[in-house]
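Going by our numbering, 222 is the number at position 220 of the sequence shown; the sequence numbering is gapless. Below is one structure; the comments refer to it alone.
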Amino acid sequence: MAKKYYIGIDLGGTFIKGGVVDDTGAILFQDKVPTETEKGGEVVVQNIAGLVESLLTKSGLSKSEFVGVGMGVPGMIDSKTGCVVYSNNLKWKDFYIAEKLTALTGLPTKIANDANVAVLGEAKFGAAKGQETVVMLTLGTGVGGGVVIDGKMFEGNKSAGAELGHMVIVANGEQCTCGRKGCLEAYSSATALIRETRRAMEAHKDSKMWEIGGLDAVTGKTAFDYKSCDPYAKKVVDDYLFHLATGITNFANIFRPDVVLLGGGVCAQGDALIVPLQAQLERELYANTLGPRVPIKVAQLENSAGLLGAAALLM
3 MAKKYYIGID LGGTFIKGGV VDDTGAILFQ DKVPTETEKG GEVVVQNIAG
53 LVESLLTKSG LSKSEFVGVG MGVPGMIDSK TGCVVYSNNL KWKDFYIAEK
103 LTALTGLPTK IANDANVAVL GEAKFGAAKG QETVVMLTLG TGVGGGVVID
153 GKMFEGNKSA GAELGHMVIV ANGEQCTCGR KGCLEAYSSA TALIRETRRA
203 MEAHKDSKMW EIGGLDAVTG KTAFDYKSCD PYAKKVVDDY LFHLATGITN
253 FANIFRPDVV LLGGGVCAQG DALIVPLQAQ LERELYANTL GPRVPIKVAQ
303 LENSAGLLGA AALLM
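This is the structure we're talking about:
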């Protein structure tokens with residue numbers, strides 16, 4: 003059977019990354035160009051089209067061998083209509099990017115939210131390959147993520163669902179950027195980890211964490227680096243893991259996925275992160291061992307997840 007080929011596009015605020023992907027998930031060629039958001043949506047679409055044409059040329063394949071273009075876009079996306087309903091990163095509102103790109107390239111175009119697309123990439127080709135139901139959390143400046151159910155991306159009404167970071171885990175807790183209080187994002191993002199590390203240092207001048215130089219030097223690694231020799235650092239890490247595991251357990255109870263994936267810089271902690279999270283999940287999971295186990299794993303694809311997931315929108 004003849005191979006099928008796809009163009010995957012990961013649209014970011016600074017760069018547009020693109021690649022030629024085959025139906026096995028191999029990235030044959032890839033490149034990137036500046037987004038130039040400040041020049042407006044029409045210029046961005048032309049830049050994407052130029053990247054697509056460049057990739058087609060590099061591939062040496064005819065356009066007829068390509069199924070189409072899949073693209074992950076930041077913001078609230080209506081994937082059925084190909085419309086960017088709202089994107090604060092790109093400063094777009096009701097922008098029908100899919101039809102504009104199809105008009106320029108002659109290839110069918112399908113878009114979806116970039117976080118959802120990354121989860122689809124991991125489900126099809128990464129750490130959850132072969133699994134039908136997957137929940138993924140990305141632990142960065144905020145807490146993003148997505149859900150794959152029966153091999154398909156779950157998006158909700160007008161693709162506006164799966165905002166996993168904005169489930170409240172502490173009633174009237176820390177203020178979240180979304181306007182609510184106590185969201186998972188306000189406790190389990192790298193931003194929250196840095197906030198709590200600084201608070202611990204300010205409250206305890208005898209903390210060994212002051213060895214790093216000062217509050218401005220704090221990163222998401224600081225508390226983990228000192229947890230074995232500083233009780234204040236250990237408390238920051240223990241509290242962080244408790245809140246993150248609470249959120250994971252909630253999602254595990256709702257979806258009972260085959261696997262929960264974690265992505266983001268915090269995952270560099272490896273077993274120091276995964277082992278205690280898994281232990282709490284297994285203590286608190288509904289029906290415990292009477293139901294199927296839910297393993298927690300670190301995502302594998304890193305920067306390729308968005309590109310491969312975008313291509314997978316057409317598979």
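For each residue, glycine too, the CB sits at the ideal point set by N, CA and C. Every value quoted in this text rests on a predicted model; they were computed, and no experiment measured them.
Quick check on residue i: buried or exposed, where buried means 16 or more other Cβ atoms within 10 Å of its Cβ?
i, result
"Pro36", "exposed"
"Met203", "buried"
"Thr291", "exposed"
"Thr26", "exposed"
"Met3", "exposed"
"Ala173", "exposed"
"Cys178", "buried"
Using the three-state DSSP reduction, which class does residue i fall into: helix, strand or coil?
i, result
"Asn174", "coil"
"Cys269", "helix"
"Thr111", "strand"
"Pro36", "strand"
"Ser89", "strand"
What residue does the beta strand (DSSP E) around residue i start on, and which one ends it?
i, result
"Pro233", "Counting along the chain, Pro233 falls outside any beta strand (DSSP E), though it belongs to the alpha helix (DSSP H) covering Pro233 to Phe257."
"Gly62", "Run containing Gly62: none; DSSP gives neither H nor E here."
"Met78", "Met78 to Asp80"
"Thr140", "Val136 to Leu141"
"Tyr7", "Tyr7 to Leu13"
Can you give me the C-alpha to C-alpha distance between residue i and residue j, rounded to a whole angstrom?
i, j, result
"Ala130", "Lys154", "13 Å"
"Val47", "Leu103", "6 Å"
"Ser190", "Thr59", "44 Å"
"Ile122", "Thr251", "Residue 122 is actually Leu in this sequence, not Ile. Looking at the two C-alpha atoms, the distance is approximately 21 Å."
"Gln280", "Phe68", "42 Å"
"Leu287", "Asn255", "6 Å"
"Asn115", "Ser81", "8 Å"
"Asp241", "Met211", "17 Å"
"His314", "Ala247", "The question names His, yet the displayed sequence has Ala at residue 314. Those two C-alpha atoms are separated by around 30 Å."
Would you mind giving the Cβ-Cβ distance between residue i and residue j, rounded to the nearest angstrom? I have them listed as a contact below 8 Å.
i, j, result
"Met2", "Thr111", "Residue 2 lies beyond the residue range present for the chain, which begins at 3 and ends at 317; the question has no answer from this structure."
"Gly175", "Ala188", "7 Å"
"Val262", "Phe253", "7 Å"
"Leu53", "Asp33", "6 Å"
For the alpha helix (DSSP H) that residue i lies in, which residues bound it at each end?
i, result
"Gly308", "Ala307 to Ala314"
"Lys126", "Asp116 to Phe127"
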